[in-house]
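A.B. asks:
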Amino acid sequence: MTVRKKFDYLIVGSGLFGAVFAYEARKAGKHCLVIDKRKQAGGNVYCKKVEGINVHAYGAHIFHTNNKPVWDYVNQFAEFNNYINAPLANCNGELYNLPFNMNTFYQLWKTHTPEQALKKIAEQVAGLNIKNPANFEEQALLSLGPEIYEKLIKHYTEKQWGRKATDLPLFIIKRLPLRFTFNNNYFDDKYQGVPVGGYNCIIEGLLKETEVRLNVDFMTNRGELSSMAEKVVFTGKIDAFFEYRFGELEYRGLRFEEEVLNTNNYQGNAVINYCDASVPFTRIIEHKHFEFGQQSKTVITREYPISIAKDGEPFYPVNDEVNSTRYKLYKTAALATTNVIFGGRLAEYKYYDMHQVIASAIAKANQELFREPEFHIL
Ligand code: UDP
């Protein structure tokens, strides 16, 4: 006779994927244990309070989606404000609106109409000899022309990723809209905002009735931890799970330099990007502006992209050719591993946004719990 284990699922990682899976599993009457090696839950959406301001401790998170069910889902746990992300780019001391739109074109070229701006870009692109863009640089040059590329993209990108833009996949530049209206909204999605009071309330809502153990590292005690549950849901690094048997996957890291300033408004915007190679950070976040804060002080964070070693904190998967090929080997190994479900940015080695992680966690949970996906990733 087989004895049922204490938990149905051991969920490794309490970020969005793990927390959503735990919520869905509990709703279906399953018993889960969530573990996390950090001292707090929430993965990279965790916010900490500093001077009454919700500081996005692991980088700026702005929720946006076109997926109404996902929007309704997160709204169960938090009220969202009407924050619209409209970052600025600082290039050589000049400020430009992002994403690339009629305001940016006016600032660059004093063009007044879409026709003038289109003509300007077309003239610049005509001088290029690129037919089928094969990498990030070629795609960016072809869409925006050499001037915007040189000023606002190339150097930001190369410091962000720590490699030449020619060695990066072209899908990354497609994250940024290009539009011929005076519209500074960074996202094209229908729904956007930041949860009032920060992201922690979403994680708390998702994990409210689930046992969570913090400061527990799966990798150092995986045998014993796995034996507590029928199945494991793993949201950590997939290469670490398989003990790097096919080599290391590369991740880009971030170092955060946080400062409390004795002013109520430092930069007048939540996000300002720094596009020059001579500035070592990529952006300065002023957190209070995500929630229209009226505090007397302010908190800013400079984000420095860094390379990380095996045990460093991973932020971005580097989906270049070498790593993508290596990931496929890990994926095959994952598919052959029974009783483990892999999900999230690190376990799927995918540059997911929050809404995509949530959609994918719900889909995987439904598949697992009811054998029927209800949600599809956009
Ligand atoms: N990017 C750029 N200049 C900018 C902002 C973004 O060249 O001012 C490029 C850069 O390659 C970056 C990518 O666009 O990695 C995606 O930007 P996004 O803001 O989506 O990055 P995230 O917020 O995920 O760090």
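The numbers in this note's numbering rise by one with no breaks, and the one at position 236 of the sequence shown is 517. C-beta: ideal position from N, C-alpha, C; glycine also.
Helix, strand or coil for R607, going by three-state DSSP, please let me know.
C.D. replies: By 1-based counting over the sequence shown, the position of residue 607 is 326. Residue state, collapsed to three classes: helix.
A.B. asks: Using 9 Å as the threshold, is the C-beta distance between C328 and Y467 below it?
C.D. replies: To locate residue 328, count along the sequence shown from 1; it is residue 47. To locate residue 467, count along the sequence shown from 1; it is residue 186. Contact flag unset, no.
A.B. asks: Pairs of beta-carbons, one from the segment 287–301 and one from the segment 513–526, closer than 8 Å: are there three or more?
C.D. replies: They touch, by the three-pair rule.
A.B. asks: Assuming F344 and M635 make a contact with CB atoms under 8 Å, what is their CB distance in whole Å?
C.D. replies: Position 63 of the sequence shown, counting from 1, holds the residue named residue 344. Position 354 of the sequence shown, counting from 1, holds the residue named residue 635. Yes, they are in contact, since the Cβ atoms of F344 and M635 sit about 6 Å apart, within 8 Å.
A.B. asks: The ligand UDP and L542: does the residue's C-beta get closer than 8 Å to at least one heavy atom of that ligand?
C.D. replies: In the sequence shown, the residue the question calls residue 542 occupies position 261. False, no ligand heavy atom lies under 8 Å from that Cβ.
A.B. asks: Report yes if the C-beta of W442 is less than 8 Å from at least one heavy atom of the ligand UDP; otherwise report no.
C.D. replies: Mapped onto the sequence shown, residue 442 falls at position 161. W442 Cβ: within cutoff of the ligand UDP.
A.B. asks: Just how far apart, CA to CA, sit D601 and K287?
C.D. replies: Along the sequence shown, read from residue 1 onward, the residue named residue 601 stands at position 320. Along the sequence shown, read from residue 1 onward, the residue named residue 287 stands at position 6. Taking the straight line from one Cα to the other gives about 41 Å.
A.B. asks: In terms of residue numbering, what span does the beta strand (DSSP E) encompassing T582 cover?
C.D. replies: In the sequence shown, the residue the question calls residue 582 occupies position 301. Looking at the DSSP string, the run of the beta strand (DSSP E) that includes T582 is T579 to S588.
A.B. asks: Going by the CB atoms, is the gap between Y472 and N347 shorter than 9 Å?
C.D. replies: As a first step, residue 347 is located in the sequence shown; it is residue number 66 there, counting from the start. As a first step, residue 472 is located in the sequence shown; it is residue number 191 there, counting from the start. Cβ atoms of N347 and Y472: closer than 9 Å.
A.B. asks: I need the DSSP call for G294, collapsed to helix, strand or coil.
C.D. replies: Along the sequence shown, read from residue 1 onward, the residue named residue 294 stands at position 13. Coil at G294, not helix or strand.
A.B. asks: A322 and I484 - do their beta-carbons sit closer together than 9 Å?
C.D. replies: Mapped onto the sequence shown, residue 484 falls at position 203. Mapped onto the sequence shown, residue 322 falls at position 41. Yes, Cβ-Cβ distance for I484 and A322 is below 9 Å.
A.B. asks: Where does G504 sit, in a helix, a strand or coil, going by DSSP?
C.D. replies: As a working mapping, residue 504 is identified with position 223 in the sequence shown. G504: helix per DSSP, three-state reduction.
A.B. asks: Sort out for me which residues DSSP pairs E540 with in a bridge.
C.D. replies: To locate residue 540, count along the sequence shown from 1; it is residue 259. Per DSSP, I581.
A.B. asks: So, using beta-carbon positions, are K645 and F302 closer together than 9 Å?
C.D. replies: The residue you call residue 645 lines up with position 364 of the sequence shown. The residue you call residue 302 lines up with position 21 of the sequence shown. Yes.
A.B. asks: Could you work out which residue in R652, A300, V284 and F527 is closest to R494 when comparing CA atoms only?
C.D. replies: Position 213 of the sequence shown holds residue 494. For R494, the nearest C-alpha among the options comes from A300.
A.B. asks: Run through DSSP, which three-state label would K330 get?
C.D. replies: By one-based count along the sequence shown, residue 330 stands at place 49. Strand.
A.B. asks: Assign V284 to one of three DSSP states: helix, strand, or coil.
C.D. replies: Stepping through the sequence shown from its first residue, residue 284 is reached at position 3. Three-state DSSP puts V284 in coil, outside helix and strand.
A.B. asks: I'd like to confirm something about T438: is its beta-carbon nearer than 8 Å to some heavy atom of the ligand UDP, or not?
C.D. replies: Translated into positions along the sequence shown, residue 438 becomes position 157. Yes, Cβ of T438 sits closer than 8 Å to a heavy atom of the ligand UDP.
A.B. asks: Specify the secondary structure class of E490 as computed by DSSP and reduced to three states.
C.D. replies: As a position in the sequence shown, residue 490 is number 209, starting the count at 1. DSSP places E490 in coil when its eight states are reduced to three.
A.B. asks: Leaving out five residues before and five after Y364 in sequence, what residues of the same chain have Cβ atoms less than 6 Å from its Cβ?
C.D. replies: Start at 1 with the first residue of the sequence shown, and residue 364 comes out as number 83. Hits under 6 Å: G474, V475 and F571.
A.B. asks: Using DSSP's beta-bridge definition, name the partner residues of A510.
C.D. replies: As a working note, residue 510 is residue 229 in the sequence shown. Answer by DSSP bridge pairing, in chain order: F288.
A.B. asks: If you follow the alpha helix (DSSP H) that K405 is in, where does it begin and where does it stop?
C.D. replies: Stepping through the sequence shown from its first residue, residue 405 is reached at position 124. Note that residue 405 is Gln in the sequence shown here, rather than Lys. Here the alpha helix (DSSP H) through Q405 covers P395 to A407.
A.B. asks: How many Å lie between K609 and N546 at the Cα?
C.D. replies: Indexing the sequence shown from 1 puts residue 609 at position 328. Indexing the sequence shown from 1 puts residue 546 at position 265. If I take the Cα positions, the gap works out to 47 Å.
A.B. asks: Take every Cβ of the segment 432–442, pair it with every Cβ of the segment 549–556, and state whether three or more of those distances are shorter than 8 Å.
C.D. replies: With a cut-off of 8 Å, the segment 549–556 and the segment 432–442 count as touching, because enough Cβ pairs lie within range.
A.B. asks: Is the beta carbon of P380 closer than 9 Å to that of L457?
C.D. replies: The residue given as residue 457 occupies position 176 in the sequence shown. The residue given as residue 380 occupies position 99 in the sequence shown. It is a contact, given that the beta carbons lie within the stated cut-off.
A.B. asks: Quick one: give me the first and last residue of the beta strand (DSSP E) that E375 is part of.
C.D. replies: Residue 375 sits at position 94 when you count from the first residue of the sequence shown. Where E375 is concerned, the enclosing beta strand (DSSP E) stretches over E375 to N378.
A.B. asks: Grab the span of the beta strand (DSSP E) containing T346 for me, first residue to last.
C.D. replies: Reading the sequence shown from its first residue, position 65 is the one you call residue 346. First-last of the beta strand (DSSP E) with T346: F344 to T346.
A.B. asks: At which residues does the beta strand (DSSP E) containing D317 begin and terminate?
C.D. replies: Stepping through the sequence shown from its first residue, residue 317 is reached at position 36. Taken as a continuous stretch (DSSP letters only), the beta strand (DSSP E) holding D317 covers C313 to D317.
A.B. asks: Is the segment 310–325 in contact with the segment 444–451, if contact means three or more CB pairs nearer than 8 Å?
C.D. replies: No: the two stretches stay apart, fewer than three of their Cβ pairs being nearer than 8 Å.
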